[in-house]
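In what follows, a single structure is set out as structure tokens and then discussed.
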Amino acid sequence: MTSFSFDRDNSLYKNRDALLEEYTPNNLVGRDDELEEYHAALQPIINGEAPSNIFLYGKSGVGKTAATRFLLNQLQEDAARYDDITLSVVEINCDGLNSSYQVAVRLVNTLRDPADQISNTGYPQAQVYSFLWDELDELNGTIIIVLDEVDHINDNSILYQIPRARSNGYLEHAKIGLIGISNDLSFRDSLSAKVRSSLCEKEVSFPPYDATELQKVLSQREQVAFHENALAEDVIPLCAAYGAQDAGDARQALDLLLEAGDLARKDAAEQVVDHHVQEARRKLERDRIMEGVADLTQHARLILYALTSLEAEDNSPARSRDIRPRYEQLCNHIGTEALTSRRMRDHLADLAMLGVISSTEKNEGMSGGKYREHALKQDLHLVVSALEETIELAGVHESIRPYYQSLLDERED
DNA sequence: TTTCCACAGGAATAAAGGGCGA
DNA sequence: TCGCCCTTTATTCCTGTGGAAA
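In terms of UniProt numbering, the first sequence has 244 at position 244, counting the first letter as 1, and numbering is strictly consecutive.
Here you go:
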């Protein structure tokens with residue numbers, strides 16, 4: 001019988017945690033100009049002046065959050081040297097919070113004792129804000145509130161309320177500075193003028209990393225995370241090249257390096273090499289799709305299933321009116337009413353956003369009009385395996401039978 | 001230059017569901 | 001238990017879009 005005892009294996013990693021998202025390095029490489037600008041925006045705090053509101057923008061994985069943690073840690077250390085400054089930092093990530101109400105609840109719960117938390121629903125909005133002002137005023141001094149991924153919030157209410165809380169008389173003692181971090185470059189323009197003028201007092205833009213900068217970032221982490229010679233020579237350049245290709249995203253490049261390291265360790269390899277990186281890349285992409293599809297509603301999955309079956313018949317790209325009959329057929333099969341075309345288009349747009357399908361705009365002018373064509377963006381086998389439960393529920397469509405069967409065969413082996 | 005097509009997608013609104021305080 | 005408040009998912013209605021054809 002196989003033995004499942006655990007033995008410590010530190011042959012490759014020295015400190016694997018250095019590749020994780022929560023790790024903050026001692027210095028940030030490749031972001032000198034941005035740090036300088038950001039530093040200047042935070043300077044009033046240490047001078048004992050009212051903090052500015054700062055808006056950071058740039059695509060995901062370009063160092064916005066890391067720069068914030070790095071500078072705020074430094075700021076807190078330095079502020080401790082001055083008796084007349086009490087500085088508190090509250091950081092929350094707005095991913096999964098899509099209203100000001102939910103953000104306010106999260107802030108209250110972050111500030112409160114775990115035994116005294118409030119529920120996510122049930123209170124009038126004004127009541128939740130009132131809880132928030134009480135908590136902030138109790139902290140006293142200068143408070144920096146960091147809202148990461150602030151573009152996930154659908155309404156601007158909290159972005160308007162927080163900067164004005166003191167002038168509106170909700171706060172007596174606390175001085176608030178708001179730092180909003182956004183991955184969505186158009187978010188700033190979508191804000192109303194009054195929110196923009198208060199939130200975007202100071203703006204710092206983070207451009208994507210280029211391959212050279214990514215190499216610096218990866219090499220810095222390599223030295224902390226891995227033993228000497230644990231990586232083959234081309235591993236860092238390869239991860240950096242993929243990272244630069246994926247919109248200059250250092251987070252993805254680091255995840256790739258971590259996954260490649262884990263695969264090498266699983267193989268009991270002496271060194272992380274090229275093929276570990278390739279395999280890691282496939283695995284990360286696969287995980288991302290599987291996770292995305294698992295979170296979809298039943299109708300979104302049926303719509304994806306409809307498109308998948310059309311793809312298997314070589315009938316893609318397909319416009320929404322071609323997908324609809326197949327989708328209705330699947331709904332019929334499981335005895336549920338199909339959603340309206342409008343809602344179906346919403347789901348198709350969500351699937352495109354997720355990166356499972358691609359949508360291209362077409363225009364045939366006077367006779368044909370304007371429409372979108374949809375096709376699978378991912379490997380058919382992968383989508384079929386992500387949709388397995390839906391396929392079982394709605395019946396195996398003839399066109400995807402071979403793909404579904406190969407999935408079952410694979411599992412048998 | 002104007003017209004027309006097909007449908008994308010914005011806005012308003014409804015329905016269902018869940019938590020809270022009284 | 002009831003009314004209130006919020007969220008999520010959906011529907012209905014309607015305007016906007018842009019390239020080919022007239």
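Glycine included, each C-beta is placed from N, C-alpha and C at the ideal position.
Element boundaries [beta strand (DSSP E), containing residue i]
| i | result |
| --- | --- |
| V146 | 142-148 |
| Y371 | 370-376 |
| P359 | With the sequence shown as reference, residue 359 is identified as Ser, and Pro is not the correct amino acid for it. Per DSSP, S359 belongs to the beta strand (DSSP E) from 357-363. |
| Y38 | Run containing Y38: none in the beta strand (DSSP E); it sits in the alpha helix (DSSP H), 32-46. |
| Y123 | Element bounds for Y123: n/a, residue is neither H nor E. |
CB contact flag (residue i, residue j, <8 angstroms)
| i | j | result |
| --- | --- | --- |
| P163 | G58 | no |
| F307 | H374 | Per the sequence presented here, residue 307 reads as Leu, with Phe not at that position. Closer than 8 angstroms, so yes. |
| A253 | A240 | yes |
| D151 | S182 | yes |
| A225 | V62 | no |
| V383 | L376 | yes |
| I153 | N98 | yes |
Contact set for residue i: own chain, Cβ-Cβ below 6 angstroms, skip 5 residues either direction
| i | result |
| --- | --- |
| V293 | A386 |
| K362 | Y371, E373 |
| M290 | A386 |
| N109 | Q117 |
Alpha-carbon spacing of residue i relative to residue j, whole angstroms
| i | j | result |
| --- | --- | --- |
| P25 | L218 | 11 angstroms |
| Q127 | G365 | 54 angstroms |
| T212 | D95 | 30 angstroms |
| R288 | L171 | 43 angstroms |
| D7 | D262 | 15 angstroms |
| S197 | H275 | 50 angstroms |
| L159 | Q102 | 13 angstroms |
| S367 | V356 | 31 angstroms |
| A338 | Y129 | 40 angstroms |
| N93 | V204 | 19 angstroms |
| T121 | L191 | 26 angstroms |
| T68 | S359 | 35 angstroms |
| I85 | D78 | 10 angstroms |
| D234 | R281 | 15 angstroms |
Host alpha helix (DSSP H) of residue i (start-end)
| i | result |
| --- | --- |
| N73 | 64-79 |
| H397 | Where H397 is concerned, there is no enclosing alpha helix (DSSP H), given that its DSSP letter is neither H nor E. |
| A264 | 250-266 |
| N109 | 100-111 |
| K283 | 274-294 |
| I162 | 157-164 |
Spatial neighbours of residue i in its chain, beta-carbon cut-off 7 angstroms, leaving aside the 5 residues before and after
| i | result |
| --- | --- |
| L284 | D255, L256, E259 |
| R324 | S341, M344 |
Chain-order list of residues whose beta-carbon lies under 8 angstroms from that of residue i (same chain, five-residue window excluded)
| i | result |
| --- | --- |
| A300 | H347, D350, L351 |
| E149 | N93, C94, D95, I181, S182, N183 |
Inter-stretch contact (C-beta, 8 angstroms, three-pair minimum) for the region 221-234 and the region 8-17: The region 221-234 and the region 8-17 touch, with no fewer than 3 CB-CB distances between them shorter than 8 angstroms.
Contact between the region 40-60 and the region 171-180 (3+ Cβ pairs under 8 angstroms): Verdict: yes, contact present.
The region 163-173 / the region 101-118 touching (three or more Cβ pairs under 8 angstroms): They do not touch, by the three-pair rule.
Touch test, the region 309-319 against the region 392-402, Cβ-Cβ under 8 angstroms, three pairs minimum: Contact holds between the region 309-319 and the region 392-402, because three or more Cβ pairs, one in each stretch, are under 8 angstroms apart.
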